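> Protein chains in written order, with the working numbering: chain Z, 13 to 284; chain S, 148 to 413. Beta carbons are placed, not taken as given, at the ideal position from N, Cα and C, and that holds for glycine. Every value quoted in this text rests on a predicted model; they were computed, and no experiment measured them. Before I ask anything, let me first share the structure, which is written out below as structure tokens.
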Amino acid sequence: MKRYKHAASGILVPLVALALWQLLSSMGWVNATILPSPLRVLVKWWAYLRPLEAFDSAQGSYLKWCLSGELIQDALGSLYRVLVGFFIGGGLALPLGLAMGYSRVMYGLFNPLVQVLRPIPPIAYIPLSILWFGLGNPPAVFLISIGAFFPVLMNTVAGVQNVDSIYLRVGRNLGASRLTQFTHIILPAATPYIFTGARIGMGTAFIVVIVSEMIAVNNGLGYRILEAREYLWSDKIIAGMFTIGLLGLGIDTLMSGLSTHLLKWHRGLEQS
Amino acid sequence: MSGAKHISIQGVHKVFQSGGQEVYALKAIDLEVARGEFVCLLGPSGCGKSTLLNAVAGFSLPSSGTITVEGVPITEPGPDRGMVFQEYALFPWMTVEQNIAFGLQIKQVAKAVIQAKVDELLVLLNLQDFRRRYPKDLSGGMRQRVAIARVLAIDSPIMLMDEPFGALDALTRRNLQDELLRLWTELKKTILFVTHSIEEALYLADRTVVMTYRPGTIKRDLSIDLPRPRDVASPAFNALKKELSQLLMEEQHRHQQDEFKGAAVD
Chain Z
13 MKRYKHAASG
23 ILVPLVALAL
33 WQLLSSMGWV
43 NATILPSPLR
53 VLVKWWAYLR
63 PLEAFDSAQG
73 SYLKWCLSGE
83 LIQDALGSLY
93 RVLVGFFIGG
103 GLALPLGLAM
113 GYSRVMYGLF
123 NPLVQVLRPI
133 PPIAYIPLSI
143 LWFGLGNPPA
153 VFLISIGAFF
163 PVLMNTVAGV
173 QNVDSIYLRV
183 GRNLGASRLT
193 QFTHIILPAA
203 TPYIFTGARI
213 GMGTAFIVVI
223 VSEMIAVNNG
233 LGYRILEARE
243 YLWSDKIIAG
253 MFTIGLLGLG
263 IDTLMSGLST
273 HLLKWHRGLE
283 QS
Chain S
148 MSGAKHISIQ
158 GVHKVFQSGG
168 QEVYALKAID
178 LEVARGEFVC
188 LLGPSGCGKS
198 TLLNAVAGFS
208 LPSSGTITVE
218 GVPITEPGPD
228 RGMVFQEYAL
238 FPWMTVEQNI
248 AFGLQIKQVA
258 KAVIQAKVDE
268 LLVLLNLQDF
278 RRRYPKDLSG
288 GMRQRVAIAR
298 VLAIDSPIML
308 MDEPFGALDA
318 LTRRNLQDEL
328 LRLWTELKKT
338 ILFVTHSIEE
348 ALYLADRTVV
358 MTYRPGTIKR
368 DLSIDLPRPR
378 DVASPAFNAL
388 KKELSQLLME
398 EQHRHQQDEF
408 KGAAVD
């Protein structure tokens, strides 16, 4: 009951904002090209989502037809780049972060370089990414993996460095080898940090995918928004933006659900 | 309790550097603990009792002097000296069962053997209903039972206990003290137990070693010959309590003077 109340109060502000927006448009106070009404956005959104041609069983299955809409294709394209980029970036960051967190030598070797590269926004790599990887998915995936790399790296390093030393003392007391200490104590103790890093990295990947699609590819939500701009289709721009928002929210909810499930032993800040 | 000497501490010094000064946490400690003996280290905070325990555990070796277990000098921590910490230190990502099994898993004991041992310990410490719980869902007393079970699982002949019941309420504390005595009688461990509670030391130990505040030395080594279970209200118990209070008060007084001096310097 309380949960529904919570959800209800969470939906109140968006509803009021929508109503205000609709009012502004209906009263003709804003130019429809500059800010189309929510209804117009909704109509465009539907048109963008729905399959372009009538269903024809000769062309393939019903499911394939359902997914043939432009919006679905764009969303799948963006999602594909986000996931590939995230797994490449995160997959490289995780082992490096574990090594840097565990070994002072590794930390000393890599940290200066990391600190110099970290503040460079992935967008700054756009010219090089095109030079190195040409056009299409590769430069986009490259940019996204850079975006996902650093949050995962920094959090993994912090996670390993912040393992409470008492757990290591227990490990040594029970006779654990260094390898066992790493796999059974340091790694699980660091997972809350690693998950946080993955979540932030995924968020960054979503930001970067939109930018990357504005330069090098010809589908995806970022591309579609830019394309709509050329035609001054502001309703489609807004529909695309909300799609990105909802997709991002969906992924984040999935990730946080996964981490809550895997970290059910965890209770936020560790008490003794 | 008498038996062959199990832990032997000879001429142990432990020096820390503090603000360019050498501070003796431990000075010329000589102590022998017999097999199966229950010895309490008693003293005010800062007297080095935990330092001494950590030295025996092998976490921080003495600056000079030797500590031997069964005649073999200690160089590192090991499962022959299981330690129970005040802050429990259970692995929060492992269930009760997994925590208890961890020490055996390390030794690569066969799964069936581990399971049997864990089952036995769960019963012994009354934890059957909690085997699949995570530490965060347990009370302090329950957690300390798990920590004790974890050490018992590896069957170390020596148990080192660092104020294990210090964070518990009085009732739970007495309860666990009784259980510890039961386990000790049953399993014949040698126990070195750090506490700052006079009553706890008198209730538990065969011998109570009172330590001085900086430098940490042994002030008094007192055999407690009261029959068990001990009656905390008996005149004999209270006579000993008074005697130990007197000794501790002197050290507490020096501790306070030191703190005032420190405050004046700051």
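Identify the contact partners of Z/Thr192 in chain S, using a Cβ-Cβ distance below 7 Å as the criterion.
Working through the first sequence from its first residue, we reach residue 192 of chain Z at position 180. Ordered by position in chain S, the residues that pass the 7 Å Cβ test against Z/Thr192 are Ile253.
> Candidates Z/Val220, Z/Thr272 and Z/Leu274: which alpha carbon is nearest Z/Ile256's?
Here residue 256 of chain Z corresponds to residue number 244 of the first sequence, with the count starting at 1. Ranking Z/Val220, Z/Thr272 and Z/Leu274 by Cα distance to Z/Ile256 puts Z/Val220 first.
> Alpha helix (DSSP H) containing Z/Tyr92: first to last residue?
Residue mapping note: residue 92 of chain Z aligns to position 80 of the first sequence, counting from 1. That run of the alpha helix (DSSP H) goes Glu82 to Tyr114.
> Closest by CA to Z/Gln34, which one among Z/Asn43, Z/Gly22 and Z/Leu51?
Within the first sequence, numbered from 1, the residue matching residue 34 of chain Z stands at position 22. Cα-wise, what sits closest to Z/Gln34 is Z/Leu51.
> Whether or not the region 330-346 of chain S and the region 195-206 of chain S are in contact is what I'm after, with contact meaning three or more pairs of Cβ atoms, one per stretch, closer than 8 Å; do they touch?
Touching, per the Cβ criterion.
> Taking all protein chains shown into account, decide if S/Asp353 is buried (16 or more other Cβ within 10 angstroms of its Cβ) or exposed.
Taking the first residue of the second sequence as position 1, residue 353 of chain S is located at position 206. Per the 10 Å Cβ criterion, buried.
> Starting from S/Ala259 and walking both ways along the beta strand (DSSP E), at which residues does that stretch end?
Reading the second sequence from its first residue, position 112 is the one you call residue 259 of chain S. Looking at the DSSP string, S/Ala259 is not in any beta strand (DSSP E); the run it does join, the alpha helix (DSSP H), is Lys258 to Leu271.
> Does S/Lys283 have its Cβ less than 9 Å from a Cβ in chain Z?
As a working mapping, residue 283 of chain S is identified with position 136 in the second sequence. Output row for S/Lys283: interface = yes.
> Mapping DSSP to helix, strand and coil, what is S/Phe185?
Counted from its first residue, the second sequence places residue 185 of chain S at position 38. In this structure, S/Phe185 counts as strand in the three-state DSSP scheme.
> Run through DSSP, which three-state label would S/Arg228 get?
Looking up residue 228 of chain S in the second sequence gives position 81. In this structure, S/Arg228 counts as strand in the three-state DSSP scheme.
> Checking 9 Å against the spacing of the C-beta atoms, do S/Ile154 and S/Ile176 come in under that value?
Here residue 154 of chain S is taken as the residue at index 7 of the second sequence, counted from 1. Here residue 176 of chain S is taken as the residue at index 29 of the second sequence, counted from 1. Going by C-beta atoms, S/Ile154 is not nearer than 9 Å to S/Ile176.
> Rounded to whole angstroms, what's the CA-CA distance from Z/Arg62 to Z/Tyr16? Just pull it up for me.
Taking the first sequence and counting its residues from 1, one reaches residue 62 of chain Z at position 50. Taking the first sequence and counting its residues from 1, one reaches residue 16 of chain Z at position 4. Cα to Cα, Z/Arg62 sits roughly 31 Å from Z/Tyr16.
> With a threshold of 8 Å on Cβ separation, who are the neighbours of S/Arg394 within its own chain once the five nearest residues in sequence on each side are excluded?
On the second sequence, residue 394 of chain S is found 247 positions in, with the first residue counted as 1. The displayed chain sequence assigns Leu, not Arg, to residue 394 of chain S. Only Val357, Lys366 and Arg367 meet the Cβ criterion.
> Counting C-beta neighbours from all protein chains within 10 Å, is the total for S/Lys258 16 or more, i.e. buried, or is it exposed?
Here residue 258 of chain S corresponds to residue number 111 of the second sequence, with the count starting at 1. Counting Cβ neighbours within 10 Å, S/Lys258 comes out exposed, since fewer than 16 surround it.
> Beta-carbon within less than 6 Å of Z/Ala251's beta-carbon, same chain only, minus the 5 sequence neighbours each way: which residues are those?
By one-based count along the first sequence, residue 251 of chain Z stands at place 239. Cβ neighbours of Z/Ala251 beyond the five flanking positions: Val53, Lys56, Trp57 and Tyr60.
> Within 9 Å (strictly less), CB to CB, does Z/Lys17 reach chain S?
Taking the first residue of the first sequence as position 1, residue 17 of chain Z is located at position 5. It does not; no Cβ of chain S falls within 9 Å.
> If you count every other CB in all the chains shown that lies within 10 Å of the CB of S/Gln291, and 16 or more means buried, which is it?
If you number the second sequence from 1, residue 291 of chain S lands on position 144. Label assigned to S/Gln291: buried.
> With the cut-off set at 9 Å, would you say S/Ala172 and S/Val180 are in Cβ contact?
On the second sequence, residue 172 of chain S is found 25 positions in, with the first residue counted as 1. On the second sequence, residue 180 of chain S is found 33 positions in, with the first residue counted as 1. Contact: no.
> Using a C-beta cutoff of 9 Å, does Z/Ala201 count as contacting chain S?
On the first sequence, residue 201 of chain Z is found 189 positions in, with the first residue counted as 1. Yes, Z/Ala201 lies at the interface with chain S (some Cβ there is under 9 Å from its Cβ).
> Counting only Cβ pairs nearer than 8 Å, list the residues of chain Z close to S/Ile301.
Numbered from 1 along the second sequence, position 154 holds the residue referred to as residue 301 of chain S. Result: Leu186 and Gly187.
> Give the interface partners of S/Pro226 over in chain Z, defined as CB-CB distance under 8 Å, in chain order.
Residue numbering aside, residue 226 of chain S sits at position 79 when the second sequence is read from its first letter. Ordered by position in chain Z, the residues that pass the 8 Å Cβ test against S/Pro226 are Asn185, Leu186 and Gly187.
> What ranges does the alpha helix (DSSP H) occupy inside the region 277-342 of chain S, keeping only unbroken runs of at least 4 residues that lie completely in it?
Counting whole runs of 4 or more residues, the region 277-342 of chain S contains the alpha helix (DSSP H) stretches 287-300 and 317-334.
> Near S/Phe384, which residues of its chain fall below 7 Å by C-beta distance, leaving aside the five closest residues on each side in sequence?
Residue 384 of chain S sits at position 237 when you count from the first residue of the second sequence. Cβ neighbours of S/Phe384 beyond the five flanking positions: Leu349, Leu373, Arg377 and Asp378.
> Anything in chain Z within Cβ reach of S/Pro374, meaning under 9 Å, just list it in chain order.
On the second sequence, position 227 is the one that residue 374 of chain S refers to. By Cβ distance, chain Z contributes nothing, its closest Cβ being about 34 Å from S/Pro374, past 9 Å.
> Tell me which residues of the region 213-242 of chain Z have at least one Cβ-Cβ distance to chain S shorter than 9 Å, keeping chain order.
Within the region 213-242 of chain Z, no residue qualifies.
> Quick one: list the residues of chain Z neighbouring S/Met308, beta-carbon separation under 7 Å, in chain order.
Counting from one through the second sequence, the residue named residue 308 of chain S turns up at place 161. Correct list: empty, because the minimum Cβ distance to chain Z is about 12 Å.
> With DSSP collapsed to three states, give me the class of S/Pro220.
Along the second sequence, read from residue 1 onward, the residue named residue 220 of chain S stands at position 73. Residue state, collapsed to three classes: strand.
> On the premise that Z/Leu275 lies in contact with Z/Thr45, defined as a C-beta separation below 8 Å, what is that separation, rounded to the nearest angstrom?
The residue you call residue 45 of chain Z lines up with position 33 of the first sequence. The residue you call residue 275 of chain Z lines up with position 263 of the first sequence. Going by Cβ atoms, the distance from Z/Thr45 to Z/Leu275 rounds to 48 Å, so no, they are not a contact pair.
> Which residues does DSSP list as the beta-bridge partners of Z/Lys276?
In the first sequence, the residue the question calls residue 276 of chain Z occupies position 264. In DSSP, Z/Lys276 forms no bridge with anything.
> Any beta carbon of chain Z sitting closer than 9 Å to that of S/Phe277?
Here residue 277 of chain S refers to the residue found at position 130 of the second sequence. For S/Phe277, the answer is no, since every Cβ of chain Z falls outside 9 Å of its Cβ.
> When you compare only the Cα positions, how much space is there between Z/Gly101 and Z/Leu24?
In the first sequence, counting from the first residue as 1, residue 101 of chain Z sits at position 89. In the first sequence, counting from the first residue as 1, residue 24 of chain Z sits at position 12. Taking the straight line joining both Cα atoms gives about 38 Å.
> Near Z/Met214, what residues of its chain come up, given a Cβ to Cβ distance below 8 Å and the 5 sequence neighbours on each side ignored?
In the first sequence, counting from the first residue as 1, residue 214 of chain Z sits at position 202. Same-chain partners within the cutoff: Val94, Phe98, Ala160, Ile263, Asp264 and Met267.
> Starting from S/Lys254, trace the alpha helix (DSSP H) in both directions and tell me its first and last residue.
For the purposes of this step, residue 254 of chain S is taken as the residue at position 107 of the second sequence. Counting along the chain, S/Lys254 falls outside any alpha helix (DSSP H), and DSSP gives it neither H nor E.
> Tell me whether the beta-carbon of S/Glu347 lies closer than 9 Å to the beta-carbon of S/Arg320.
Residue mapping note: residue 347 of chain S aligns to position 200 of the second sequence, counting from 1. Residue mapping note: residue 320 of chain S aligns to position 173 of the second sequence, counting from 1. Yes.
> For Z/Gln193, count neighbouring C-beta atoms within 10 Å of its own C-beta (all shown protein chains included) and say buried if the count is 16 or more, exposed if not.
Within the first sequence, the letter at position 181 stands for residue 193 of chain Z. Counting Cβ neighbours within 10 Å, Z/Gln193 comes out buried, since at least 16 surround it.
> With distance defined between alpha-carbon atoms, name the residue in S/Asp316, S/Ala204 and S/Ile305 nearest to S/Gly288.
Reading the second sequence from its first residue, position 141 is the one you call residue 288 of chain S. When each option's Cα is compared against that of S/Gly288, the closest is S/Asp316.
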